[in-house]
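Residue numbers (the working numbering): 4 to 206.
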Amino acid sequence: MILYPDVQSQAQDKINCVVGRHHLPSFKDCEALPYISAICCEIVQWHSLAPLTGWATSKSDVYIGYEILQDTVVMVNLWAMSRDPDTFKDPDCFIPESFLKNGVLHDDVPDLMWGFGKRVCTGRVFAESTLWIAIACVLAAYNLTKDGHVRKQYTNSRLFMWAFITRVILLYKLKFSFRRPLPFKCSFCLRFPEVKVMILEEN
Numbered sequence: 004m005i006l007y008p009d010v011q012s013q014a015q016d017k018i019n020c021v022v023g024r025h026h027l028p029s030f031k032d033c034e035a036l037p038y039i040s041a042i043c044c045e046i047v048q049w050h051s052l053a054p055l056t057g058w059a060t061s062k063s064d065v066y067i068g069y070e071i072l073q074d075t076v077v078m079v080n081l082w083a084m085s086r087d088p089d090t091f092k093d094p095d096c097f098i099p100e101s102f103l104k105n106g107v108l109h110d111d112v113p114d115l116m117w118g119f120g121k122r123v124c125t126g127r128v129f130a131e132s133t134l135w136i137a138i139a140c141v142l143a144a145y146n147l148t149k150d151g152h153v154r155k156q157y158t159n160s161r162l163f164m165w166a167f168i169t170r171v172i173l174l175y176k177l178k179f180s181f182r183r184p185l186p187f188k189c190s191f192c193l194r195f196p197e198v199k200v201m202i203l204e205e206n
């Protein structure tokens with residue numbers, strides 16, 4: 004949000020129109036706030052937590068002429084898939100509108116980041132719900148601004164990749180590559196005086 008203040012401002016305008024300034028967003032507002040949902044979709048597509056994942060095959064198989072033996076770890080390059088120029092326009096930029104058509108979420112953009120088929124992430128619904136409510140409430144309550152400096156390389160995906168700490172975990176023959184951002188400075192400022200009361204009431 005601090006790199007794309009126009010996105011933050013637009014999201015806050017949507018929240019003001021739907022929720023107002025008397026209470027924080029709740030899940031009942033989700034359907035009326037597709038722009039917030041689009042931000043969530045863009046977050047997991049723009050810079051995935053796990054850009055390279057792999058699963059071990061449960062049995063031998065043949066795919067387009069390639070023999071894949073049982074227990075082979077098949078690596079999925081989500082980073083490259085999410086940057087396919089034929090699917091994503093300007094993939095290095097944060098554009099929530101990519102997931103909207105006439106102001107409504109659409110299915111034209113492939114949903115890559117939660118896995119595929121029977122191996123889809125079992126915690127997907129919980130993760131999506133947690134992400135949505137966190138973003139909606141933070142943007143309803145705070146203005147996020149630069150404090151000091153924000154790493155310039157975060158605006159360039161080629162360098163951004165190396166600005167993350169990558170950890171590889173080997174567990175049950177599965178290999179995952181997880182990333183998290185390095186620390187950066189920012190400020191959380193209350194959008195209006197009533198916010199403090201709203202937060203206390205929610206708690």
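Glycine residues also receive a C-beta, built at the ideal position from the N, C-alpha and C atoms. Given the structure is predicted, the values throughout are model-derived calculations rather than measurements.
Please classify residue i as buried or exposed, where buried requires at least 16 other C-beta atoms within 10 Å of its C-beta.
i	result
Ser77	Correcting the residue type first, residue 77 is Val in the shown sequence and not Ser. Val77 should be labelled exposed.
Thr56	buried
Cys44	buried
Tyr38	buried
Lys199	exposed
Ala143	buried
Phe30	exposed
For residue i and residue j, which I take to be in contact (beta-carbon distance under 8 Å), what is that distance rounded to the nearest angstrom?
i	j	result
Ala35	Val21	5 Å
Ile42	Ala14	6 Å
Ser63	Ile71	7 Å
Val10	Pro94	Their Cβ separation, rounded to whole angstroms, is 16 Å, which puts Val10 and Pro94 out of contact at 8 Å.
Glu197	Arg24	6 Å
Cys140	Pro28	6 Å
For residue i and residue j, I'd like the C-alpha separation in whole angstroms.
i	j	result
Ala83	Met116	12 Å
Ser190	Ala130	25 Å
Leu103	Asn80	25 Å
Pro244	Asn146	Only positions 4 to 206 of the chain appear in the structure, and residue 244 is not among them; the question remains open.
Phe195	Gln73	59 Å
Lys17	Tyr69	49 Å
Thr158	Cys96	With a pLDDT of 48 at Thr158, under the threshold of 50, the predicted position of this residue should be treated as unreliable, though the coordinate-derived value follows. Taking the straight line from one Cα to the other gives about 8 Å.
Val107	Asp114	16 Å
Leu134	Phe187	20 Å
His26	Cys192	17 Å
Lys136	Thr75	Before going on, a small fix: residue 136 reads as Ile here, not Lys. Going by the C-alpha atoms only, they are around 38 Å apart.
Asn19	Asn105	20 Å
Classify residue i as helix, strand or coil using the three-state DSSP reduction.
i	result
Thr60	coil
Pro184	strand
Leu162	Unreliable placement is indicated for Leu162, whose pLDDT of 45 sits below 50; the coordinate value is still reported in the next sentence. Three-state result, Leu162: helix.
Phe91	coil
Tyr66	strand
Tyr7	coil
Val79	strand
Leu72	coil
Leu142	helix
Leu27	coil
Val112	coil
Hey, out of the options, whose CA is closest to residue i's CA?
i	options	result
Ile5	Lys149, Phe195, Lys199, Leu203	Lys149
Glu54	Arg86, Pro28, Ile67	For the record, residue 54 in the displayed sequence is Pro; it is not Glu. Closest by alpha carbon: Arg86.
Asp89	Leu193, Val112, Pro28, Asp16	Val112
Leu50	Gly118, Leu193, Ile202, Arg182	This sequence places His at residue 50; Leu is not what is there. The candidate whose alpha carbon is nearest that of His50 is Arg182.
Ser208	Met201, Pro184, Ile138	Shown here, the chain extends from 4 to 206; a query on residue 208 therefore has no answer.
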